[in-house]
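These notes are about the structure you will find just below.
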Amino acid sequence: MVVIHSIKAVNFRRLNLTTPLSLGKGFYIIKGRNEAGKSTLIESILFGLYGDHQVIGDLRGNPRGGYNEVVNHKARRAQVEVEFEVDGKRYRVYRELVREGETIKQVNARLIEITQGTERVIASGTKQVNDEIQRLLRVSWREMLSTNIVAQKDLERIIQMGKSEREQIINLMMGLESYNKAIQALEETRSNKKYEKENLELKYSEKLQQAKLLEEKVNSIPNLMRELKEIEEKIPALGEEEAALKLALQYLAHLRQSLYKKKQLEEQKSRVEEQIAQTKNAIRDEQEKKNRNDNEIKQIERNLPMLQEELEKIQKELEQLQSTYEDRLKILSDLKSYKDNRDRELDRMNRISKELEALEDDIRRIESAQKELANLEEEKRKIELLLASIKPSIQPYLSSIGLAFIALLALLYQATWVAIPLSGVSLIVFLVTYHRRSSLKQELLTKLGRLESEIGPRKALVAQLEGKNKRLEDLKLEEEKIRAHLERLEQEILRLTGESHAASIDNALIALQKEVSRLSEKINELREKESNLKAGIESSGKQLERLKQEVKESTEKLEELNAKLSKLEEDRRKILEELEHTVIPSVPPGLKGRVEYVEMAAEEQDPDLVDIAYGKLDEDFQRISKEKTRLEERLETLKKELSEAEKIKPRLQELQEEIKKLEEDRKRLDKEFEAVKRALQALKEISRRRRELFAPLVENYMSWTINYFTDGRYKAVRLQPDTYDLEVYDAEAGRWLRRDIYSGGTNDQFLLALRIAFTLALLPSSKGSYPKFIVLDEPLGSSDGERRERIVSFFAGELSRFFDQIFLITHVEVEEPPGATIIYIEDGRITRVYKAGGEEA
């Protein structure tokens, strides 16, 4: 039996358990969010046991993933340590991986046996540790993934397996390794026999082919002799024809060379004579150009002094006009300035005069208001005296009080006829006296208020008198200054124009402006003439320089052309001499009347016709030469073939003997191959019959499991023996139905039951060290709450009778059965471990 006791993993994918996690017997629920590292915990156990990175690749659907799938991408080194028990003996396996650049290698592995507190290394090195663990467990990781590791995403593993792979696993787990080995051995023997047979057939075919070729060669000797004689007769005639064509080609080549040379010399003569004519024309044209330029140079040299004299005259006149223009422009500017100043001062004088008149009016008005203010203040003083003289008098009040007192006495003595009149009289006296005094006082107060309202504005007006007088004095002073300034301006204007009247000044300004404009126009006219003269002089100078340069160039070019003419005439003389010495060869006597085209080409003396004749004869020569060479080569080949044909007769007899022996070997191999084939079929049939006994057991376990999961809704299943697909007996439908008509969640429950039943069916016949733990990775995601509760109950109760350790990995909330150990994983670390219904572990 195999039980896991602890796991330690550092930087293993997301997992980072620096302290070993102890695992005893019982039901474990591993919880955490997605990608927290729950499944990685099981992966680390399997990798620790088997040391093969493909374990993780197969679990995650990436069988080709290397060690890069194992080590955390942030770390350089990873470690895994698993302590486990096999048949009562405890072991600890340690593995270490290191990142070096872009690659990761397993650099260290040790297997340690633990006995009574002592430890002993029984294997070290990756291969030795892997071999020793495989020997201890006697179960490969691929077999374990098919049985004891049940993942939600891999529930169809058994159905998706190939038939052969599933049969091998069942044989292995049922203790039928000998069948697997025998079948494998027979398969290898059959394969070897097949390979041997194919090689023998190939060798037999090759020998037959060789014998056939040898027979053909022996039978071809008479034909070879006949062909050899014919070729020996043809070769001399071809040799004579080849020699005649070769001589003709040599003659035509010499003839073509002479004709082309003559033609080239005649063409050169024509070109040189044409160049001589062109050079003479060029000399004539260049001489005419030089003469024209000489005449133009003389004309320019005559005109330049006259243009310079006229320019100096204009520059002198322009200088005088410029001086007069500047004087008149200054006078005009000064006059405008003085006139503008005078006009501004006159405007200021007018404004000051108007302001003086207004101030004098204001002062007269203020002086009048000052007199009125004195009268009003006097009247106010009198009213204030009258108000002060009005004082309250006690006399009227005493009279009223006396009359009231008498009326009271009369009332006491019950003389009402006296009391009532006296009371009325006393009241009337009091009221009349009070009213008169109040009316007089009110009249005086009203008059006093009116006087104060009139006095206030006049006081404010009188307060301005001092400021108005000060402003009047300032304006009179400023008026005097302006008069003095105007007198100075009149003197300056008189000095400039001789006039002081405004109209005369305007006329003088107009006259000056006209004179300045006339002078400006005259200056511009003279400047334009000056510019034109300067441009003409400059252009004439440049033209003179250009013409002199052209005359110099013409002189040099004439020298070059004359030298070229002399050279061309010398070349023509040499060409004529060479033409006189050029000889056209005659036809060799041996070719006359023998080779076509040769005499015709010699008579025409046309290079193009010679080329045509040469091309035709060269084709014939090449054809004859190739044919002669081919026959000579064939002659040598025939001689070799005849020699070989005589030698192969003994070899043919040997091949025939070898072919007879190969035929006997073929018959023997056919019998052996058929025997192996029948033995293999017999073993497979025996294995099949024994596995047929296994399928009903799987059906029984699955029926029991699915009945528990669904609380009796689905009571039984039927397995297809070849595909392991299944049908379910539906109690509501009352018949067998294929599983693929049900929902995804129900299908997952069927497949989960199949995986568990497959494992349970194998347990009774499995090897003694078969793992006593089972891993259930996310099997509840597609189940509803009610079935999820029943499935967890099945794991914690029924399944624990078969396995010492049950690991349920889930990210969904589930009922925690009493006694279950709950492990929380977060970001690759164990954050909490506790017993359901108990204290923290």
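Residue numbering for the sequence shown follows my numbering, beginning at 5 and increasing consecutively. Quick reminder that beta carbons are idealized off the backbone N, C-alpha and C, glycines included. As the structure is a prediction and not an experimental result, all values here were calculated from the model.
| query | result |
| --- | --- |
| Buried versus exposed, by CB contacts within 10 Å (16 or more), residue 19 | buried |
| Boundaries of the beta strand (DSSP E) in which residue 126 is found, first to last residue | 122 to 128 |
| Presumed contact (8 Å Cβ cut-off) between residue 284 and residue 580, rounded CB distance | About 19 Å; that fails the 8 Å criterion. |
| Residue interval of the alpha helix (DSSP H) (run including residue 823) | It is not in any alpha helix (DSSP H) - residue 823 carries neither H nor E in the DSSP assignment. |
| Same chain only: Cβ atoms within 7 Å of residue 719, ignoring 5 sequence neighbours per side | 707, 711, 733, 735 |
| Burial state of residue 558, where buried means 16 or more other Cβ atoms lie within 10 Å | buried |
| Alpha carbon of residue 354 to alpha carbon of residue 455, nearest angstrom | 41 Å |
| Where residue 835 falls, given that 16 or more other Cβ within 10 Å makes a residue buried | exposed |
| Beta-ladder partner(s) of residue 740, from DSSP | 733 |
| Meets three-Cβ-pair contact criterion under 8 Å: the stretch 246 to 254 and the stretch 612 to 627 | yes |
| Residues that residue 112 bridges to, as DSSP identifies them | 100 |
| Exposure of residue 80, with buried meaning 16 or more beta-carbon neighbours within 10 Å | exposed |
| Three-way DSSP call (helix, strand, coil) for residue 196 in this model | helix |
| Other residues of its chain near residue 297: CB distance less than 6 Å, five sequence neighbours each side excluded | 551, 554, 555 |
| CA nearest to the CA of residue 55, picked from 7, 131, 102, 798 | 131 |
| Buried or exposed (CB count within 10 angstroms, at least 16 for buried), residue 809 | buried |
| Exposure label - residue 15; buried when at least 16 CB within 10 Å | buried |
| Closest by C-alpha distance to residue 94, when choosing among 116, 258, 330, 107 | 116 |
| Unbroken alpha helix (DSSP H) run spanning residue 370, endpoints | 225 to 393 |
| Burial state of residue 337 (16 or more Cβ within 10 Å) | exposed |
| Residues sharing a beta bridge with residue 30, DSSP | 809 |
| Same chain, Cβ closer than 7 Å to residue 321, neighbours up to 5 away in sequence not counted | 530 |
| Where the alpha helix (DSSP H) containing residue 802 begins and where it ends | Looking at the DSSP string, residue 802 is not in any alpha helix (DSSP H), and its letter there is neither H nor E. |
| Candidates 7, 612, 562, 11: closest to residue 292 by CA position | 562 |
| Cα-Cα separation between residue 514 and residue 334, rounded to whole angstroms | 15 Å |
| Straight-line gap, residue 383 to residue 347 (C-alpha atoms, nearest Å) | 54 Å |
| Span separating the alpha-carbon of residue 772 from that of residue 8 | Residue placement at residue 772 cannot be trusted, given a pLDDT of 47 that sits under 50; what the coordinates show is reported in the next sentence. Rounded to the nearest angstrom, the two C-alpha atoms are 16 Å apart. |
| Given residue 99 as reference, the closest of 90, 91, 128, 122 once Cα atoms are compared | 128 |
| Proximity of residue 673 and residue 228 at Cβ, strictly below 9 Å | no |
| Within-9 Å CB hit, residue 735 to chain D | Among the chains of the structure shown, chain D does not appear; only one protein chain is present. |
| Where the alpha helix (DSSP H) containing residue 7 begins and where it ends | Note, residue 7: premise wrong, no alpha helix (DSSP H); beta strand (DSSP E) at 6 to 16. |
| Three-way DSSP call (helix, strand, coil) for residue 617 in this model | helix |
| Supposed contact pair residue 486 and residue 361 - C-beta distance, whole angstroms, cut 8 Å | About 16 Å separates the two Cβ atoms, so there is no contact after all. |
| Contact check, residue 214 vs residue 145, beta carbons under 9 Å | no |
| Buried or exposed (CB count within 10 angstroms, at least 16 for buried), residue 644 | exposed |
| Buried or exposed (CB count within 10 angstroms, at least 16 for buried), residue 87 | buried |
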